[in-house]
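Following the working numbering, the numbering of the sequence shown begins with 12 at its first residue and continues without gaps.
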Amino acid sequence: MSEKKQWFENENFWNNYGPIMFDANRWAEAPAVAESVCKIAGLKKGSAILDAGCGPGRISVELALLGMDVTGVDIIQSELDAAKETAEDENVKLSLIKADLRSFSSDKKFDCAVNLYTSFGYCDTIEEDVKILQNIYSSLKDGGWFILENLSRETAILYFTEGEWFERAGKTVLTEFHVEGAWEGLRSKWILIDNKTGQRMEHEFVQRLYSGIELKRILTGIGFSSVEVYGDFDFSPYNEKARTMVIVAKK
Numbered sequence: 012m013s014e015k016k017q018w019f020e021n022e023n024f025w026n027n028y029g030p031i032m033f034d035a036n037r038w039a040e041a042p043a044v045a046e047s048v049c050k051i052a053g054l055k056k057g058s059a060i061l062d063a064g065c066g067p068g069r070i071s072v073e074l075a076l077l078g079m080d081v082t083g084v085d086i087i088q089s090e091l092d093a094a095k096e097t098a099e100d101e102n103v104k105l106s107l108i109k110a111d112l113r114s115f116s117s118d119k120k121f122d123c124a125v126n127l128y129t130s131f132g133y134c135d136t137i138e139e140d141v142k143i144l145q146n147i148y149s150s151l152k153d154g155g156w157f158i159l160e161n162l163s164r165e166t167a168i169l170y171f172t173e174g175e176w177f178e179r180a181g182k183t184v185l186t187e188f189h190v191e192g193a194w195e196g197l198r199s200k201w202i203l204i205d206n207k208t209g210q211r212m213e214h215e216f217v218q219r220l221y222s223g224i225e226l227k228r229i230l231t232g233i234g235f236s237s238v239e240v241y242g243d244f245d246f247s248p249y250n251e252k253a254r255t256m257v258i259v260a261k262k
């Protein structure tokens, strides 16, 4: 594992950029995503589910509202605090763990694990990315499911834009995107300007882009007995009309 601190370990980043990324539209779609997860994995009330990279609890809380036994793991304490607050507001229980998914292990085994909303591919090395997937695999019961939703190389190409600007959470947001290497990664630059104070902040990061077949091969190599790639949570084909990449793997 890399010893130096990586950008996603910076709590200040999430405090400033979290409200921009997890806007009202993202929260509004969470119930449907949670229902899809339960349907895909055949979960019943009381099923144990791991939200790997749970952030502010957007999906964790909705899964708990459906009667699931939810454990959320995240590296950022303020995100876990936000998840706890939301769960309390909704009167549901979450088990929340502060941990790095690159080293996470659990004695408890889960019926299903999820990693959703483009939360994968930010580590400095491929080996670290693979370690996350291996740890998720180890956390599952035999026959358990893993559902990964992520920006893929194909969808990055399909929906590529050089940038945009919009207003959100009291800020003007400007984004710039550039391709790294031979579509090996997508470099994103986010600039926030506070509409009241004029204060400006910016952050730049690279997300590694995997193709659907690359991730299928990695997950199969880790030990998953079946791995399927879809274009959405409704099992639509992963083709030129794919809205996103959803991988459904069974241990």
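We put the beta carbon where it would ideally sit given N, CA and C, even for glycine.
The structure presented is a predicted model; accordingly, all values stated were derived computationally and were not measured.
*asked:* Going by DSSP in three states, T186 sits in which element: helix, strand or coil?
replied: strand
*Since R69 and W38 are thought to touch, with beta carbons under 8 Å apart, how far apart are those beta carbons, to the nearest angstrom?*
6 Å
*Rank D245, G192, E46, A63 by C-alpha distance to the C-alpha of K56 and give the top, closest one.*
E46
*Rounded to whole angstroms, how far is the Cβ of Y128 from the Cβ of F216, which I believe are closer than 8 Å?*
Between F216 and Y128 the Cβ distance is about 15 Å, and since that is not below 8 Å, they are no contact.
*Does the beta-carbon of I168 have 16 or more other beta-carbons within 10 angstroms, so that it is buried, or is it exposed?*
exposed
*Local conformation of W194 per DSSP, three classes*: coil
*asked:* So for A180, helix, strand or coil by DSSP?
replied: coil
*Are there three or more Cβ pairs, one per stretch, closer than 8 Å when the segment 89-100 is compared with the segment 158-167?*
no
*If we count Cβ pairs, one from each stretch, closer than 8 Å, do we get three or more for the segment 113-125 versus the segment 139-148?*
yes
_S271 versus M212: straight-line alpha-carbon distance, rounded_ = As shown, the chain starts at 12 and ends at 262. That puts residue 271 outside it, with no answer to give.
*asked:* Please report the straight-line C-alpha distance between K33 and N27, rounded to a whole angstrom.
replied: It should be pointed out that residue 33 corresponds to Phe in this sequence rather than to Lys. Cα-Cα distance, rounded: 11 Å.
*Alpha carbon to alpha carbon, what distance is there between A180 and F121?*
36 Å
_Contact check, V238 vs A260, beta carbons under 9 Å_ = yes
*Sort K182, F171, S58, I233 by Cα distance to I269 and report the nearest one.*
Given a span of 12 to 262 for the chain in the structure shown, any question on residue 269 remains unanswerable.
*Cβ atoms of M256 and E165: under 9 Å apart, would you say?*
yes
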